[in-house]
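In full-length UniProt numbering, the protein residues as written are 1 to 323.
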């Protein structure tokens, strides 16, 4: 069965064969499927987006489509799950696999954490990776250069280079990625976690731009922390605790202001409904008086007294009777 993949531009541009590989997730170590492209060599995380209603998808070169041409009847062979017609392909599944490139150094962190205080040669590190899954041999050329980004290096002997995890290097690298991600956060994440959360209470008010920046940074921090082992994730997030506290306090004030504004609107609506109710009752009474010929020019106070419940009360004339 054919599947539709959307990959970053420039990946697999030479029509080289890509493959699905299974690797332990950098954070949870759960076996997870990734897309491995050969040109350039890169690892991609897969996100599946499914359409709520079943339908097929036509994949074709836009230049080969003639919208004004008469439709061609489908042959029985074209009704299969995936068929090629001319330069196009019909896929019966509505699922779309979105491939997002993952930095290779994330897959090194758990192994480096096991002996964080020790320097080890690349061969020893790779042996530990290979014990987890032999698939790492296909991406060894991708992993080894990444060590320089996140580890301290020494040369105890000529031609022998050993590495040890450096949290300072790692966190500096992640901080630089936060800046880039903040500027290029997807629209759906911005709408869900930033715009809706920081929307002003009233139309004539505005949220400071600084808070929007802080909110986007927190989204980026959360995403990156999701690729780190738990101990590293806690240390990484803790470095931005004061920044998060300022944002949380602002959001808390916004929620309180929204609740107060909602209460105010409910009170206004309730008062308006009550006023309209009395007005409707007065109109009904005036119409009744007009039909019965009664004088409808009584004062508002008299009309309200007439509506009062006098059950169990003595009439005023009783107080003037002779005893």
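Glycine residues also receive a C-beta, built at the ideal position from the N, C-alpha and C atoms.
- From the DSSP output, in three-state form, read off residue 106 for me. DSSP places residue 106 within a helical segment (H, G or I) once states are collapsed to three.
- Message: Once DSSP output is grouped into helix, strand and coil, what is the label at residue 60?
- Response: coil
- Please classify residue 19: is it buried, with 16 or more other beta-carbons within 10 angstroms of its beta-carbon, or exposed? exposed
- Task: Drop a sphere of 10 angstroms on the beta-carbon of residue 172, count the other beta-carbons inside from all chains shown, and report buried for 16 or more, exposed for fewer.
- Result: exposed
- Message: For residue 228 and residue 55, I'd like the C-alpha separation in whole angstroms.
- Response: 38 Å
- Message: Tell me the rounded alpha-carbon separation between residue 128 and residue 40.
- Response: 26 Å
- Assess, as a yes-or-no matter, whether the region 45 to 55 is touched by the region 92 to 104 under the definition of 3 or more beta carbon pairs within less than 8 Å. yes
- When 155, 162, 214 are compared against residue 118, the one with the closest alpha-carbon: 162
- Query: In three-state DSSP terms, what is residue 114?
  - Reply: helix
- Message: Just to check my reading of the structure: residue 166 and residue 150 have Cβ atoms closer than 8 Å, yes? What is that Cβ distance to the nearest angstrom?
- Response: About 7 Å separates the CB atoms of residue 166 and residue 150; that is less than 8 Å, so the two are in contact.
- Message: Looking only at its chain, what residues have a beta carbon closer than 6 Å to the beta carbon of residue 237, apart from the 5 residues adjacent to it on each side?
- Response: Only 225 meet the Cβ criterion.
- DSSP on residue 30, reduced to helix/strand/coil? Of the three classes helix, strand and coil, the one that applies to residue 30 here is coil, per DSSP.
- Message: Does residue 84 pass the burial test, meaning 16 or more other C-beta atoms within 10 Å, or should it be called exposed?
- Response: Low per-residue confidence applies at residue 84: pLDDT is 45, beneath 50, and the placement is therefore not dependable enough to give any value.
- Item | Exposure label - residue 218; buried when at least 16 CB within 10 Å | buried
- Message: For residue 196, tell me which candidate among 180, 183, 109, 216 has the shortest Cα-Cα distance.
- Response: Nearest option by C-alpha distance: 216.
- Query: Are residue 131 and residue 107 close, meaning C-beta to C-beta below 8 Å?
  - Reply: no
- Go through its chain and collect everything with a Cβ distance to residue 152's Cβ below 6 Å, but skip five positions before and after it. 164, 166
- Count the other CB atoms, across all protein chains shown, that sit within 10 Å of the CB of residue 220; report buried if there are 16 or more and exposed otherwise. buried
- Name, in chain order, the residues that DSSP records as bridge partners for residue 4. 96
- Tell me, to the nearest whole angstrom, how far the beta carbon of residue 3 is from that of residue 44; I am working on the premise that it is less than 8 Å. Actually they do not touch by this definition, with Cβ atoms about 14 Å apart.
- Query: Excluding five sequence neighbours on each side, which residues of the same chain lie with their C-beta closer than 7 Å to the C-beta of residue 257?
  - Reply: 201
- Which first and last residues belong to the beta strand (DSSP E) in which residue 172 is found? For residue 172, no beta strand (DSSP E) run applies; the uninterrupted alpha helix (DSSP H) run containing it begins and ends at 167 to 183, by DSSP.
- Query: Under three-state DSSP, which class holds residue 160?
  - Reply: strand
- In whole angstroms, what separates the C-alpha of residue 134 from that of residue 247? 44 Å
- Message: If you follow the beta strand (DSSP E) that residue 47 is in, where does it begin and where does it stop?
- Response: Start and end: 41 to 49.
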